[in-house]
Amino acid sequence: MTEKGNQQILILDPDTEFTVQLAQQIRANGYHLVFAAPTIRQAHHHQVRHDIDLAFIPISDNDSVIDALRIKQPDLRIVIMTPSPDFQVPESFSGKIQAILIKSHLEADLPDILDNAFHQPLVKEQPKHLKTCKQPDTALLIAVLQQANLGQLIQTAIFAKKERVLAHWGKLNDTEVAAVALHVGQNWPAENGKNVRVQFHRLPARSGDRLLYSLCVENIFLLTLVALPETPLTQLRIEADRIADHLAEAVHGRNMLDMPSNPSMHHKQKPLTYAIVWRPLKKLPPALAIPLRRALGRLATTNGCALKEASVQAELIHLVVTCPPGRDSAWAAYLFKNGSEAIIQQEYNFNVHLWETGYYATESEAPLSEKELNLFLEQPV
Numbered sequence: 042m043t044e045k046g047n048q049q050i051l052i053l054d055p056d057t058e059f060t061v062q063l064a065q066q067i068r069a070n071g072y073h074l075v076f077a078a079p080t081i082r083q084a085h086h087h088q089v090r091h092d093i094d095l096a097f098i099p100i101s102d103n104d105s106v107i108d109a110l111r112i113k114q115p116d117l118r119i120v121i122m123t124p125s126p127d128f129q130v131p132e133s134f135s136g137k138i139q140a141i142l143i144k145s146h147l148e149a150d151l152p153d154i155l156d157n158a159f160h161q162p163l164v165k166e167q168p169k170h171l172k173t174c175k176q177p178d179t180a181l182l183i184a185v186l187q188q189a190n191l192g193q194l195i196q197t198a199i200f201a202k203k204e205r206v207l208a209h210w211g212k213l214n215d216t217e218v219a220a221v222a223l224h225v226g227q228n229w230p231a232e233n234g235k236n237v238r239v240q241f242h243r244l245p246a247r248s249g250d251r252l253l254y255s256l257c258v259e260n261i262f263l264l265t266l267v268a269l270p271e272t273p274l275t276q277l278r279i280e281a282d283r284i285a286d287h288l289a290e291a292v293h294g295r296n297m298l299d300m301p302s303n304p305s306m307h308h309k310q311k312p313l314t315y316a317i318v319w320r321p322l323k324k325l326p327p328a329l330a331i332p333l334r335r336a337l338g339r340l341a342t343t344n345g346c347a348l349k350e351a352s353v354q355a356e357l358i359h360l361v362v363t364c365p366p367g368r369d370s371a372w373a374a375y376l377f378k379n380g381s382e383a384i385i386q387q388e389y390n391f392n393v394h395l396w397e398t399g400y401y402a403t404e405s406e407a408p409l410s411e412k413e414l415n416l417f418l419e420q421p422v
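Note that this note's numbering has the sequence shown beginning at 42, numbered continuously upward.
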């Protein structure tokens, strides 16, 4: 056990005012390394950077936040925070936490809670949802979602395990996708089974509400279609049921894809080959080279592409890829950029964004020349 004073404590709570009070009291008790995170995503960032010894989290309807934190650190000690003494703690928390802090008793109870939390035995139980099935193949999940008929009304498809995004495809950015998944996952009834939920949700920086159509897949996964409010529910139901059937196979590693985006065009169009290049936000570490090449190869295989060249360099990614009939360079760039980042994030616990916005693509059977690549690298971000 790390000695007192060097122990690192995380506070996961969107209540900024209480977080400040709690951090002050923790430091007053001799623990000086305190980190704050209003969201689970930011908490994961701290877990990547620091070896957290103890986390304070607010009570919720289920224990999914505990499982999400312990995916990163199985030995993490956890204190849950309740608003009042008469608040009923769900039975699902039994054996998973080291102490309970009543917020209204902060100053009086905190010294004993800190002492108990660091000395309570840790029950090293694997999270329930990890026992049910192995990590689904991210490339296969993306292959299913990208073949959905999204169009103009259905803007994005999101596949998540509770609040944790596994794959997504569509117009929403990563932050918006995470916000939708968190909203749906936190409000999903524990015993909803295969039922469907339809709700409206407002996304920051977008005008008007979005219609969320969500259903459960294999009891533990959630598929959500994000659509404009005028989208017919019948259209959402048909599309969601179709995607869910393929996702149910995909989570068990079975590829049953047979969803051409526009079958009538396939016999008229020949496959096109593109050279595509894009840049990382910062130089890629050498340790990511092999995982990225494997991720790109898997994405090609599961999406009907022929990957002729795949160069992963510190300052750029350069592909030559033949797309299925009817698919263009914009589709390919979106697939390989977003897909490779998702695979690295989900399967290698590398919770940072990898790529700059934008890319360069041209129809070509050969890689870009050194001169063309240098011109691309010299362009301003």
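Beta carbons: idealized from backbone N, C-alpha and C, even for Gly.
Keep in mind the model is a prediction, meaning the values are calculated, not measured.
Using DSSP with H/G/I as helix, E/B as strand and the rest coil, what is residue i?
i      : result
Val218 : helix
His287 : helix
Gln49  : strand
Val353 : strand
His86  : helix
Phe391 : coil
Tyr72  : coil
Phe432 : The chain is shown only over 42 to 422; residue 432 falls outside these bounds and no answer can be derived.
Pro301 : Low confidence applies here, because Pro301 scores a pLDDT of 43, under 50, leaving its location unreliable and the question unanswered by this model.
Gln310 : coil
Glu413 : helix
Gly211 : strand
Output the distance between the C-alpha atoms of residue i and residue j, rounded to the nearest integer angstrom.
i      : j      : result
Val258 : Ile112 : 21 Å
Pro365 : Ala371 : 13 Å
Gln240 : Lys212 : 19 Å
Thr343 : Leu181 : 6 Å
His293 : Pro177 : 7 Å
Leu329 : Val353 : 9 Å
Gly310 : Gly367 : Going by the sequence as given, residue 310 is Gln instead of Gly. Computed Cα separation, rounded: 6 Å.
Phe59  : Thr123 : 12 Å
Lys227 : Asp104 : The question names Lys, but residue 227 in the sequence shown is Gln. Near 10 Å, if we compare the C-alpha coordinates of Asp104 and Gln227.
Pro55  : Cys346 : 43 Å
Pro126 : Ile98  : 16 Å
His91  : Ala84  : 10 Å
Arg247 : Ala222 : 17 Å
Leu244 : Ala268 : 12 Å
Ala407 : His359 : 11 Å
Phe134 : Ala374 : 43 Å
Ile81  : Gly380 : 22 Å
Asn415 : Thr403 : 15 Å
For residue i, collect the residues of the same chain with a Cβ closer than 7 Å to its Cβ; drop the 5 residues on either side in sequence, then sort them by chain order.
i      : result
Leu266 : Ile195, Ala198, Tyr254, Leu277, Glu280, Ala281
Leu147 : Gln62, Leu63, Gln66
His87  : Leu51, Phe76, Ala78, Ile93
Leu117 : Ile93, Ala96, Leu110, Arg111
Indicate whether at least one CB of chain D lies closer than 9 Å to the CB of residue i.
i     : result
Gln88 : Absence of chain D from the displayed structure is noted, only one protein chain being present.
Please report the Cβ distance between residue i and residue j, rounded to the nearest whole angstrom; I am assuming they are in contact, meaning their Cβ atoms lie under 8 Å.
i      : j      : result
Ala201 : Leu263 : 5 Å
Leu155 : Ala96  : That pair is no contact at about 12 Å.
Ile100 : Phe128 : 7 Å
Ala355 : Leu325 : 5 Å
Ala208 : Leu186 : 6 Å
Val225 : Leu256 : About 10 Å; that fails the 8 Å criterion.
Excluding sequence positions up to five away, which residues of its chain have a Cβ less than 8 Å from the Cβ of residue i?
i      : result
Asn157 : Gln139, Ala140
Ser145 : Pro124, Ser125, Pro126
Going by beta carbon distance, what residues of the same chain come within less than 6 Å of residue i, once the five residues before and after it are set aside?
i      : result
Asp349 : Contrary to the premise, residue 349 reads as Lys rather than Asp in this sequence. For Lys349, where only same-chain residues beyond five positions count, the Cβ hits under 6 Å are Val361.
Leu142 : Val120, Met122, Ile154
Ser5   : Only positions 42 to 422 of the chain appear in the structure, and residue 5 is not among them; the question remains open.
Leu74  : Gln49
Leu395 : Pro321, Glu382
Arg339 : Ala180
Lys169 : For Lys169, the pLDDT reaches just 43, beneath the cut-off of 50, and the residue's location in the model is therefore unreliable, although a value from the coordinates is still provided. Excluding sequence neighbours, Lys169 sits near nothing in its chain.
Can residue i be considered in contact with the ligand MG, in the sense that its beta carbon sits closer than 8 Å to one or more heavy atoms?
i      : result
Pro408 : Ligands are entirely absent from the displayed structure, and the ligand MG is therefore not among its contents.
Query raised in the report: When the Cβ atoms of the region 281-298 are set against those of the region 318-332, are three or more pairs found closer than 8 Å?
Result: no
Report task. Would you check if the region 376-387 and the region 330-346 touch, i.e. whether three or more CB-CB distances between them fall below 8 Å? Result -> yes
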